[in-house]
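J.:
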Amino acid sequence: MGYFTDKNIYITGAASGIGFETAKQLIHQGANLVLFDVQPLDAALAILKGLNKYNTSIATYALDVTDADTTAKQIAAAAERLSPDILMHFVGVTGPWAFDEMTQAQFERVMNINVFGTRNVLAAVRPFLSRGDQVMVTASMSSFTGSYGYSSYSASKFAVWGMMQSISFEWKPLGIDITVFAPPPIDTPLTQSEVGVMAQAGIGMKKLAGELKIEAAVRSMLKGVENREFLVVPGVMANLIRLQLRFFPISWVNWIGNKTVAWSMRS
Numbered sequence: 001m002g003y004f005t006d007k008n009i010y011i012t013g014a015a016s017g018i019g020f021e022t023a024k025q026l027i028h029q030g031a032n033l034v035l036f037d038v039q040p041l042d043a044a045l046a047i048l049k050g051l052n053k054y055n056t057s058i059a060t061y062a063l064d065v066t067d068a069d070t071t072a073k074q075i076a077a078a079a080e081r082l083s084p085d086i087l088m089h090f091v092g093v094t095g096p097w098a099f100d101e102m103t104q105a106q107f108e109r110v111m112n113i114n115v116f117g118t119r120n121v122l123a124a125v126r127p128f129l130s131r132g133d134q135v136m137v138t139a140s141m142s143s144f145t146g147s148y149g150y151s152s153y154s155a156s157k158f159a160v161w162g163m164m165q166s167i168s169f170e171w172k173p174l175g176i177d178i179t180v181f182a183p184p185p186i187d188t189p190l191t192q193s194e195v196g197v198m199a200q201a202g203i204g205m206k207k208l209a210g211e212l213k214i215e216a217a218v219r220s221m222l223k224g225v226e227n228r229e230f231l232v233v234p235g236v237m238a239n240l241i242r243l244q245l246r247f248f249p250i251s252w253v254n255w256i257g258n259k260t261v262a263w264s265m266r267s
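Reading the sequence shown from the start, the letters are residues 1 to 267 in the UniProt record's numbering.
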């Protein structure tokens, strides 16, 4: 039927947003799903069961990725029943606060979930990965460029990018392929939570990359995993920004950013 048919796919952050949309698209392709989230998965499970025309396996597990010991135990319990072919990690939080307005606790929460949480999931699943298996981790366009109001979020996503590139060098010789999904803003509960919190200057800078529909973004990500691509950046504007970062001097990039902030503040 397709690349993902009969594959055992672990999805973190599966209760909503990109994780849930990924689960919906994969269930249509006949994949076996193992879903993790700190939020209740009952509603997601009910919908997925209604879409499960191939009668594939769907299992759910509660998971707080910031707890390394519990994460290891939950993933080990899942692997006893169904060993992973592909891990897709979507857990993450935003941090739409200007640095001068952000508390220590807010900064640490973003780092704990986005960086240490990613590390905990990868460490937990590693004993169950073998040659031919894959790992997809969600980064962001903020992995490559800073933005007004994103000092915590960009710091975390820069760290994820560096971590995954390093891990790829270590795991690729073992036959385990890494994909990093680095989208621009996507219309999800995560981005919706920024409404009324992020400063206008931050909103103005985010608009430079455009906003993607979640269905199209997930389709691009799945195609990248199928092709075993290391980096997937969906969207025309996001790719133009990526090219700009590669070929233009940082002074030019910062000039555009500063002009955007100034224009946003005036408007």
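Every residue, glycine too, gets a C-beta built ideally from N, C-alpha and C. Keep in mind it's a predicted model, so treat the numbers as computed, not measured.
Check whether the Cβ atoms of residue 112 and residue 66 sit closer than 9 Å, and answer yes or no.
T.: Result yes, Cβ atoms of residue 112 and residue 66 sit closer than 9 Å.
J.: Determine the burial state of residue 141: buried for a count of at least 16 other Cβ atoms within 10 Å of its Cβ, exposed for fewer.
T.: That one is buried.
J.: Go to residue 35, then tell me how far its beta strand (DSSP E) extends in each direction, as first and last residue.
T.: First-last of the beta strand (DSSP E) with residue 35: 32-37.
J.: Could you give the first and the last residue of the continuous beta strand (DSSP E) run that contains residue 138?
T.: Its beta strand (DSSP E) spans residues 134-138.
J.: For residue 340, does the three-state DSSP call read helix, strand or coil?
T.: The requested residue 340 is not part of the displayed model; the chain covers only 1 to 267.
J.: May I ask you to report which of helix, strand or coil DSSP gives residue 144?
T.: Three-state DSSP puts residue 144 in coil, outside helix and strand.
J.: Closest to residue 213 by CA distance: which of 14, 130, 236, 31 is it?
T.: Nearest option by C-alpha distance: 236.
J.: Would you tell me roughly how many angstroms separate the C-alpha atoms of residue 70 and residue 226, rounded to the nearest one?
T.: About 30 Å.
J.: Using DSSP with H/G/I as helix, E/B as strand and the rest coil, what is residue 69?
T.: Reduced to three states, the DSSP call for residue 69 is helix.
J.: Over the uninterrupted beta strand (DSSP E) stretch that includes residue 225, give me the two end residues.
T.: Element bounds for residue 225: not the beta strand (DSSP E) but the alpha helix (DSSP H), 214-226.
J.: Let me know the beta strand (DSSP E) ranges lying completely inside the region 69-132, each 3 residues or longer, listed in chain order.
T.: Counting whole runs of 3 or more residues, the region 69-132 contains the beta strand (DSSP E) stretches 86-89.
J.: Rounding to the nearest angstrom, what Cα-Cα distance links residue 34 and residue 126 in this structure?
T.: Going by the C-alpha atoms only, they are around 16 Å apart.
J.: Specify, as a first and last residue, the run of the alpha helix (DSSP H) that residue 180 falls within.
T.: Unbroken run through residue 180 is the beta strand (DSSP E), 177-181; no alpha helix (DSSP H).
J.: Here's the rule I'm using: 16 or more other beta-carbon atoms within 10 Å means buried, otherwise exposed. How should residue 247 be labelled?
T.: So residue 247 ends up on the exposed side.
J.: Within 10 angstroms of the Cβ of residue 104, are there 16 or more other Cβ atoms? Answer buried if so, exposed if not.
T.: Flag for residue 104 reads exposed.
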